[in-house]
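Engineer: Residue numbers (our numbering), protein chains in the order written: chain A, 169 to 466; chain R, 169 to 466.
Cβ atoms here follow ideal geometry from the backbone N, Cα and C, with glycine treated the same way.
For reference, the structure I am asking about is given below.
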């Protein structure tokens, strides 16, 4: 059996999966802050998963984490939301704590691998629409991590000089307009319901403001899709991350925006971006499953 | 010996090269318009090259051409500047005319291969700053052409909603601000001198307007570099195409703009984009040489 952990800014989700990619069990805990604290919480998740699985998972454990991950050294940079210091020896510490090898990768990379396996694809761009915006690329069957592990960091490409300032220090970054936090800022949900759900429900009920906000947000996600398509041209672009939990209506809204963008451009139209858009599976934790697949003997 | 042709909107440049990538001879003619006309002119170039080389080049001939090239079928789409119709059987027609197999690829792809060979690199993004703007990607030693042969078409990614309308039908495309034609529009050269040369000379001579225009243009090229770096993260980005003929001062100006963009962003600064910028070799026709390498037995 395989074991994978998806470590995010708010939660750590661990799964046990079969070699065929079927999720057999999962454990979820809140994310603490700080390298040692995250390692300890992750080790607890591993122990719980092992207990539930009867301790049969002794292979390499795969872990996805936000930031620029050096896979060879098992370290991460810019994992600011988790308070993990640049160069903190994450894989080594977690490996020592759980007594088995750990392979660390970027969380969007893990999710892309999971989505590729579940959807049966070998060439795709994965858009992680979570708190932030990141992409991951599986090109002709191989993860493209990049020379400095920064492939897919499209959230920090500026696309509007008149846009808002980004936390990264630049202005008008795609992430400030096409991410879960951007959506929450556009449509604050008072109800405790996720902002995406509230927005898409209100739009479906005919609220004109909600329709306008939804379409504006979908157009910015379409910008991200077009950017990935015109740079690496993956066969398929998969929409994932927390925002994708609103379901297929997200894909429909973004496909509509892509068709509008292409209306005046025969060149764009010929690339059929709306037809190449997919939604990540909603009922499976794709990032944790993809992390588990990272540890699979090849 | 190898033979390669770089077919552009204004000229066809053919070279004969050694298997080691040394250019042994070249022929240049003006580009006609229309599929049959371009094939006939290309066949003339092949005949001249063969005559000069004493007819010893009988292997596969590589050809680079602007547009979305289907390498398997030897056809091209969107080669609008050459008047070649979508789906025109270019490889088959040229192959029949010259009596040997022809392999067709996108001209920026060919140039990227040429630059990779000349600079000894196996992971690079190549920016072709010609009439238009296109990129090409050699990732871990392999050309990334894309699922629909559209990888590297970054010229048609909009980066400013307030920007000019692009010929492709969209608004604010990168190509309208970071290409040879954008530069010529910013700094019309009355002298017959290339616009880039005139602009960089005037800026070097202290003309304040020229300095401002040069820096604005360099900032838009820096946008293109950053976009490629944050999407696929190649080890090196190479500046090529006609605009690069102004020499290393282009690299210096763009590196300066990249450093300015990163000044407010620790994240960008950590990626050291200025230090990863290179200029394509000026004294070698990189696209024609890369085309020749396309035909090299592997």
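In whole angstroms, give me the CA-to-CA distance for residue 401 of chain A and residue 219 of chain A.
Structural biologist: Taking the Cα positions, residue 401 of chain A is about 44 Å away from residue 219 of chain A.
Engineer: Taking the alpha-carbon positions, what's the residue 411 of chain A to residue 297 of chain A distance?
Structural biologist: 6 Å
Engineer: Hey, quick one: how far does the beta strand (DSSP E) through residue 437 of chain R stretch, first residue to last?
Structural biologist: Taken as a continuous stretch (DSSP letters only), residue 437 of chain R belongs to no beta strand (DSSP E), being part of the alpha helix (DSSP H) at 434–438.
Engineer: Against chain A, does residue 383 of chain R count as a neighbour if the rule is that its beta carbon must be under 7 Å from one of theirs?
Structural biologist: no
Engineer: Going by beta-carbon coordinates alone, are residue 448 of chain A and residue 283 of chain A separated by less than 7 Å?
Structural biologist: For residue 448 of chain A and residue 283 of chain A, yes; Cβs fall inside 7 Å.
Engineer: In its own chain, which residues sit with a C-beta less than 6 Å from the C-beta of residue 250 of chain R, not counting the 5 before and 5 after it?
Structural biologist: Counting only Cβ-Cβ distances below 6 Å, and skipping sequence neighbours, we find 206.
Engineer: Quick check: what's the CA-CA separation for residue 171 of chain A versus residue 265 of chain A?
Structural biologist: 15 Å
Engineer: Using a Cβ-Cβ distance under 7 Å, would residue 341 of chain A count as near chain R?
Structural biologist: no
Engineer: Could you name the residues of the region 391–417 of chain R whose beta carbon sits closer than 9 Å to any beta carbon of chain A, in the order they occur along the chain?
Structural biologist: 391, 394, 395, 396, 397, 398, 399, 400, 401, 402, 403, 404
Engineer: Are there three or more Cβ pairs, one per stretch, closer than 8 Å when the region 312–319 of chain R is compared with the region 332–341 of chain R?
Structural biologist: no
Engineer: Whose C-alpha, out of R:384, R:274, R:173, is nearest the C-alpha of residue 240 of chain R?
Structural biologist: R:274
Engineer: Leaving out five residues on either side along the sequence, give the residues of the same chain with a beta carbon under 7 Å from the beta carbon of residue 367 of chain A.
Structural biologist: Only 351, 355, 378, 381, 382 meet the Cβ criterion.
Engineer: Measure the C-alpha to C-alpha separation of residue 343 of chain R and residue 398 of chain R and round it to an integer number of angstroms.
Structural biologist: Straight-line spacing of the CA atoms in residue 343 of chain R and residue 398 of chain R works out to 18 Å.
Engineer: From the DSSP output, read off the bridge partner residues of residue 243 of chain R.
Structural biologist: R:238
Engineer: Express the C-alpha separation of residue 234 of chain A and residue 434 of chain R in angstroms, rounding to a whole number.
Structural biologist: 17 Å
Engineer: So which residues of chain A does residue 439 of chain R contact, with C-beta pairs closer than 7 Å?
Structural biologist: By Cβ distance, chain A contributes 316, 318.
Engineer: Go ahead and pull the three-state DSSP assignment for residue 384 of chain R.
Structural biologist: helix
Engineer: So, with DSSP's three-state summary, where would you put residue 417 of chain A?
Structural biologist: helix
Engineer: Are the C-beta of residue 337 of chain R and some C-beta of chain A separated by less than 7 Å?
Structural biologist: yes
Engineer: Could you tell me the boundaries of the alpha helix (DSSP H) in which residue 266 of chain A lies?
Structural biologist: 258–266
Engineer: Residue 279 of chain R and residue 293 of chain R look like a contact to me (Cβ under 8 Å); what is the Cβ gap, rounded to whole Å?
Structural biologist: The pair is not a contact, with the Cβ atoms about 12 Å apart (cut-off 8 Å).
Engineer: Taking residue 214 of chain A as the reference, which of A:409, A:444, A:198, A:183 has the closest Cα?
Structural biologist: A:183
Engineer: Which of helix, strand or coil does DSSP assign to residue 394 of chain R?
Structural biologist: helix
Engineer: Less than 7 Å separating the beta-carbons of residue 439 of chain R and residue 423 of chain R?
Structural biologist: no
Engineer: Counting only runs of 4+ residues fully inside the region 343–379 of chain A, write out the alpha helix (DSSP H) ranges in chain order.
Structural biologist: 348–354, 363–372
Engineer: Residue 217 of chain A lies in the alpha helix (DSSP H); which residues open and close that run?
Structural biologist: 203–220
Engineer: Grab me the residues of residue 197 of chain A's own chain with a C-beta within less than 8 Å of its C-beta, minus the 5 sequence neighbours each way, in chain order.
Structural biologist: 179, 180, 209, 212, 213
Engineer: What three-state label does DSSP hand residue 456 of chain R in the structure shown?
Structural biologist: Helix at residue 456 of chain R.
Engineer: If I'm right that residue 395 of chain R touches residue 229 of chain A with Cβ under 8 Å, what's the distance once you round it to whole angstroms?
Structural biologist: Actually they do not touch by this definition, with Cβ atoms about 35 Å apart.
Engineer: Taking any Cβ of chain R, which residues in the region 321–332 of chain A have a Cβ under 8 Å from it, in chain order?
Structural biologist: In summary, the residues of the region 321–332 of chain A whose CB is separated from some CB of chain R by less than 8 Å are 321, 322, 324, 325, 326, 327, 328, 329, 330, in the order they occur in the chain.
Engineer: Can you list, in chain order, the residues of its chain whose CB lies under 6 Å from that of residue 328 of chain A, leaving out five sequence neighbours each side?
Structural biologist: 340
Engineer: Can you tell me whether residue 228 of chain R is helix, strand or coil according to DSSP?
Structural biologist: Looking at residue 228 of chain R - three-state DSSP - the assignment turns out to be coil, as it is neither helix nor strand.
Engineer: For residue 268 of chain R and residue 463 of chain R, I'd like the C-alpha separation in whole angstroms.
Structural biologist: 11 Å
Engineer: Hey, out of R:409, R:421, R:332, whose CA is closest to residue 369 of chain R's CA?
Structural biologist: R:421
Engineer: With a 10 Å radius around its C-beta and 16 neighbouring C-beta atoms as the bar for buried, classify residue 453 of chain A as buried or exposed.
Structural biologist: buried
Engineer: Looking at C-alpha atoms only, which residue of A:187, A:429, A:451, A:286 is the closest neighbour of residue 413 of chain A?
Structural biologist: A:451
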